[in-house]
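Enquirer:
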Amino acid sequence: MDDLIFSLRAVRFSYLKKYPALGGLDMDIARGQKIAILGANGSGKSTLLQLLDGLIFPDTGSVEAFGRRLDEAALNNADFSRRFRSKVGLVFQNPDIQLFCPTVKEDILFGPLQLGLDKAKMNKRVDEVITSLGIGDLLERSPHQLSVGEKRKVSIATVLAIDPDVLLLDEPTAGLDPQTSRHIMDIIIEANVKGKTVITATHDLHIVEEIASLAYILSRERKIAKSGPVEELLKDVELLQANNLRHIHKHRHKDMEHIHPHQHTEHHL
Amino acid sequence: MASAFNKHNFIGRSIRGTLSFFRESVLSEEHASHRAFLQSLDPRVKAATFLWLCLMVLIARNIYSLIFLYVFCLVLVWISKINLGFFLKRTWIFIPLFSLFIAIPALFSFISPGEALLSFNFLGLRLVITRPGFSGALLFVTRVITSVSLIILLGLTTRHFALLKVLRIFKVPQVFVMVLGMSYRYIYLFVEIVQETYQGIRSRVGEIVPYRKGQSLVAWNIATLWQRSFKLNDDVYNAMLSRGYTGEPVLADEFKASFKDWAWVCLVAIISGLALYLNHG
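In the order they appear, the protein sequences are chains L and F. All letters in the first sequence, in the order written, are residues -12 to 256 by this note's numbering. All letters in the second sequence, in the order written, are residues 80 to 360 by this note's numbering.
Printed below as a string of structure tokens:
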């Protein structure tokens, strides 16, 4: 496949060599795809995104990116590292990690500056991102003065300012109100329409159909339980239930109480 | 119960005091965000000219020269839309701390001999305040109040992260400036964590905690905060790597001196000239 961006083979990873996080993954990701990585808490979604971003490396197995093995040696090569970082951008789950500069503007400029973009190009790109996300009034503010939704938008802006080919998003709508959540989804969809490959890790099944056409479900064993078209996977109630993505929910309608399975971001009592 | 808690709970009072200090002194940028004269100047031009004015204060030998510079500072306070009462309260607090105690002995004849201005008995001792002693003490106190006022005015009218950028004009390495900026950014996060942890403890163990238990809770909290900061350190470094950081930070240079900045530099030059004239006049 000419358009193959990432290729993972038998990837295993553990923290401190004793806490397993990924238990043998095979995956091929092509240019322009929109993919969802689905899984319950602790199933290895964030770890997988960090592997794809070259921040951690597998204990065993291999990760290939843009036709080259992605390991420490490759990223120690300044030329490859610069090209890779220009092509792949990761939006972390916690915006307080992503936003480490004293002001929003400095955070947005950080990536383009490190990657050595020329000033005119950088300013044009930053202006486009700011306009598209509607965050012009936040530029001089410090990240600690922002709401959760604003932090999330600025986090995405810091990555879009690099204009990467591949956008990795870790739980982009977690803890957001419906309107901000919708705005974030629109940004993701627009990025894909513009040709970017979008890989989103989430357990929010409500957004999956819109932001992905293909999904991978990670099991409790931190392996791929199943992959395929999103509509197909979402219909597989047993599969979702077995992987903690759907749960039994008790309802009361007037005097009648009944039980049926539900898909939820957060569990209700 | 609440008053007993406030009175006896040393840990609670310390945490609240520290947090309110950070909120009000470090993180509040209320005055810096006003749209007024000093706030609109480039921070680097402003810092350099304020340091120059401090130098003028240091070399002033004449009380009229110092009073002139102090009045100029108060005019700047007024045109920068800072409440004069608030400013005076904040600046005059420093006076007894830094200068008054040092200046008091210099008033008397045993330190500064000369023409007597006032004499009185204290605990059977005859104390004489001399004219040279009084002039020296007045000059010293005025010099301190003017310098302190200028520095506080600079701090009040400049956003703190912008002050960090000023370090760049003194050729401080970029990595050092960046680390300071990040420390400033994360102070707030840790302040929040400390506050939330403390609220969590209060909700579980109640208002009054035995002394030994309190000690162990504080120690446990310090350890947890250390662990969290260590984890955050790793995560933030990864976030930096992800956006192309290679160990040599590149920071934006947004130095843009406008007409207003140059007009301000000219005004400072004129004020300095007048202060020097009064100094030798």
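Quick reminder that beta carbons are idealized off the backbone N, C-alpha and C, glycines included.
Ignore the nearest five residues each way along the sequence and tell me which others in L156(L)'s own chain have a CB closer than 6 Å to its CB.
Expert: Taking the first sequence and counting its residues from 1, one reaches residue 156(L) at position 169. Around L156(L): V78 and T187.
Enquirer: Taking the beta strand (DSSP E) that R207(L) belongs to, which residues open and close that run?
Expert: Translated into positions along the first sequence, residue 207(L) becomes position 220. First-last for R207(L): undefined, no H or E at that position.
Enquirer: Taking CB distances under 9 Å as the criterion, tell me whether G215(F) reaches chain L.
Expert: Working through the second sequence from its first residue, we reach residue 215(F) at position 136. Not closer than 9 Å to any Cβ of chain L, the Cβ of G215(F) fails to qualify, so no.
Enquirer: Pick helix, strand or coil for D268(L), following the three-state DSSP scheme.
Expert: One cannot answer for residue 268(L) here, as it falls past the ends of chain L, which runs -12 to 256.
Enquirer: At the level of alpha carbons, what is the spacing between D58(L) and C88(L)?
Expert: Translated into positions along the first sequence, residue 58(L) becomes position 71. Translated into positions along the first sequence, residue 88(L) becomes position 101. Taking the straight line joining both Cα atoms gives about 28 Å.
Enquirer: Could you compute how far the alpha carbon of I24(L) sits from the alpha carbon of L117(F)?
Expert: Taking the first sequence and counting its residues from 1, one reaches residue 24(L) at position 37. Taking the second sequence and counting its residues from 1, one reaches residue 117(F) at position 38. Computed Cα separation, rounded: 51 Å.
Enquirer: Ignoring anything shorter than 3 residues, give me the beta strand (DSSP E) runs that lie fully in the region 25 to 73 of chain L, in order along the chain.
Expert: Counting whole runs of 3 or more residues, the region 25 to 73 of chain L contains the beta strand (DSSP E) stretches 47 to 52.
Enquirer: Please name the residues in the region 15 to 48 of chain L whose beta-carbon is closer than 9 Å to at least one beta-carbon of chain F, in chain order.
Expert: Here the close residues are Q37, D40, G41, L42 and I43.
Enquirer: Using C-beta distances below 8 Å, list every residue in its chain close to T277(L), excluding the 5 sequence neighbours before and after it, in chain order.
Expert: This structure does not reach residue 277(L), given that chain L is present from -12 up to 256, and the question cannot be answered.
Enquirer: State the Cα-Cα distance for the pair Y143(F) and A241(F), rounded to the nearest angstrom.
Expert: For the purposes of this step, residue 143(F) is identified with residue 64 of the second sequence, where counting begins at 1. For the purposes of this step, residue 241(F) is identified with residue 162 of the second sequence, where counting begins at 1. Rounded to whole angstroms, Y143(F) to A241(F) spans 33 Å at the Cα level.
Enquirer: Looking at the unbroken alpha helix (DSSP H) that takes in P184(F), where does it start and where does it end?
Expert: Position 105 of the second sequence, counted from the first residue, corresponds to residue 184(F). Taken as a continuous stretch (DSSP letters only), the alpha helix (DSSP H) holding P184(F) covers F180 to L186.
Enquirer: Per DSSP, which residues does S320(L) bridge with? Please list them.
Expert: It is not possible to answer for residue 320(L), since the shown part of chain L is limited to -12 through 256.
Enquirer: Show which residues of chain F have a CB atom less than 8 Å away from the CB atom of G136(L).
Expert: Taking the first sequence and counting its residues from 1, the one referred to as residue 136(L) is at position 149. Those do not exist, as G136(L) stays about 18 Å from chain F at its closest Cβ, beyond 8 Å.
Enquirer: Rounding to the nearest angstrom, what Cα-Cα distance links P45(L) and L36(L) in this structure?
Expert: For the purposes of this step, residue 45(L) is identified with residue 58 of the first sequence, where counting begins at 1. For the purposes of this step, residue 36(L) is identified with residue 49 of the first sequence, where counting begins at 1. Distance between the alpha carbons of P45(L) and L36(L) is about 12 Å.
Enquirer: Have a look at L167(F) and L233(F) and give me their C-alpha separation to the nearest angstrom.
Expert: As a working note, residue 167(F) is residue 88 in the second sequence. As a working note, residue 233(F) is residue 154 in the second sequence. Roughly 14 Å separates the two Cα atoms.
Enquirer: With a threshold of 16 other CB atoms inside 10 Å of the CB of L12(L), please say whether the residue is buried or exposed.
Expert: Position 25 of the first sequence, counted from the start, is the residue given in the question as residue 12(L). L12(L) should be labelled buried.
Enquirer: Report the rounded CA-to-CA distance for N179(L) versus K21(L), giving the unit in angstroms.
Expert: Taking the first residue of the first sequence as 1, we reach residue 179(L) at position 192. Taking the first residue of the first sequence as 1, we reach residue 21(L) at position 34. Their backbone Cα atoms lie some 7 Å apart in a straight line.
Enquirer: Could you give the distance in angstroms between the alpha-carbon of P192(F) and the alpha-carbon of N141(F)?
Expert: In the second sequence, counting from the first residue as 1, residue 192(F) sits at position 113. In the second sequence, counting from the first residue as 1, residue 141(F) sits at position 62. If I take the Cα positions, the gap works out to 20 Å.
Enquirer: Name, in chain order, the residues that DSSP records as bridge partners for D157(L).
Expert: Counting from one through the first sequence, the residue named residue 157(L) turns up at place 170. Answer by DSSP bridge pairing, in chain order: A188(L).
Enquirer: Contact check, A139(F) vs R222(F) under 8 Å by CB: the rounded distance?
Expert: Mapped onto the second sequence, residue 139(F) falls at position 60. Mapped onto the second sequence, residue 222(F) falls at position 143. Rounded, the Cβ-Cβ distance is 7 Å, consistent with contact.
Enquirer: Secondary structure at S282(F), three-state DSSP: helix, strand or coil?
Expert: Position 203 of the second sequence, counting from 1, holds the residue named residue 282(F). DSSP places S282(F) in helix when its eight states are reduced to three.
Enquirer: Mind listing which residues of the region 313 to 347 of chain F have their C-beta closer than 8 Å to chain L's C-betas, in chain order?
Expert: Within the region 313 to 347 of chain F, the qualifying residues are D314, V315, N317, A318, M319, L320, S321, R322, G323, Y324, T325, P328, V329, L330 and A331.
Enquirer: How many angstroms separate the CA atom of T252(L) from the CA atom of P130(L)?
Expert: For the purposes of this step, residue 252(L) is identified with residue 265 of the first sequence, where counting begins at 1. For the purposes of this step, residue 130(L) is identified with residue 143 of the first sequence, where counting begins at 1. Any reading at T252(L) must be qualified, since the residue scores a pLDDT of 44, below 50, and its modelled position is unreliable; the value itself is stated next. Cα to Cα, T252(L) sits roughly 26 Å from P130(L).
Enquirer: Answer yes or no: do F(-7)(L) and A52(L) have a C-beta to C-beta separation smaller than 9 Å?
Expert: In the first sequence, residue -7(L) corresponds to position 6, counting from 1. In the first sequence, residue 52(L) corresponds to position 65, counting from 1. Yes, the pair counts as a contact, with Cβ atoms nearer than the cut-off.
Enquirer: Measure the C-alpha to C-alpha separation of L217(F) and I349(F) and round it to an integer number of angstroms.
Expert: Working through the second sequence from its first residue, we reach residue 217(F) at position 138. Working through the second sequence from its first residue, we reach residue 349(F) at position 270. Roughly 25 Å between the two C-alpha positions.
Enquirer: Return helix, strand or coil for K4(L), following the three-state DSSP convention.
Expert: Start at 1 with the first residue of the first sequence, and residue 4(L) comes out as number 17. DSSP places K4(L) in coil when its eight states are reduced to three.
Enquirer: Pairing CB atoms from the region 160 to 175 of chain L with CB atoms from the region 136 to 149 of chain L, are three or more of them under 8 Å?
Expert: With a cut-off of 8 Å, the region 136 to 149 of chain L and the region 160 to 175 of chain L count as touching, because enough Cβ pairs lie within range.
Enquirer: Please confirm whether P159(L) has its beta-carbon closer than 9 Å to some beta-carbon of chain F.
Expert: The sequence position of residue 159(L) within the first sequence is 172, counting from 1. Judged by the 9 Å Cβ criterion, P159(L) is not in contact with chain F.
Enquirer: What residues of chain L sit near G279(F), judged by a beta carbon separation below 7 Å?
Expert: For the purposes of this step, residue 279(F) is taken as residue 200 along the second sequence, with counting starting at 1. Simply none; closest approach about 19 Å.
Enquirer: Cβ atoms of L202(F) and F187(F): under 9 Å apart, would you say?
Expert: Here residue 187(F) corresponds to residue number 108 of the second sequence, with the count starting at 1. Here residue 202(F) corresponds to residue number 123 of the second sequence, with the count starting at 1. Going by C-beta atoms, F187(F) is not nearer than 9 Å to L202(F).
Enquirer: Can you tell me which residues form a DSSP beta bridge with N200(F)?
Expert: Position 121 of the second sequence, counted from the start, is the residue given in the question as residue 200(F). Note: N200(F) sits in a beta bridge opposite R205(F).
Enquirer: Going straight from the alpha carbon of D150(L) to that of R247(F), what length do you get?
Expert: Position 163 of the first sequence, counted from the start, is the residue given in the question as residue 150(L). Position 168 of the second sequence, counted from the start, is the residue given in the question as residue 247(F). Each residue's Cα considered, the two are about 29 Å apart.
Enquirer: Is D(-10)(L) helix, strand or coil by DSSP?
Expert: Taking the first sequence and counting its residues from 1, the one referred to as residue -10(L) is at position 3. Three-state result, D(-10)(L): coil.
Enquirer: Return the chain-ordered ranges of every alpha helix (DSSP H) run that is complete within the region 218 to 287 of chain F and spans a minimum of 4 residues.
Expert: Taking only runs of at least 4 residues, the alpha helix (DSSP H) segments lying wholly in the region 218 to 287 of chain F are 239 to 245 and 253 to 284.
Enquirer: F201(F) touches chain L at which residues, Cβ-Cβ below 8 Å?
Expert: Locating residue 201(F) in the second sequence gives position 122, counting from the first residue. Ordered by position in chain L, no residue passes the 8 Å Cβ test against F201(F), which lies about 53 Å from the chain.
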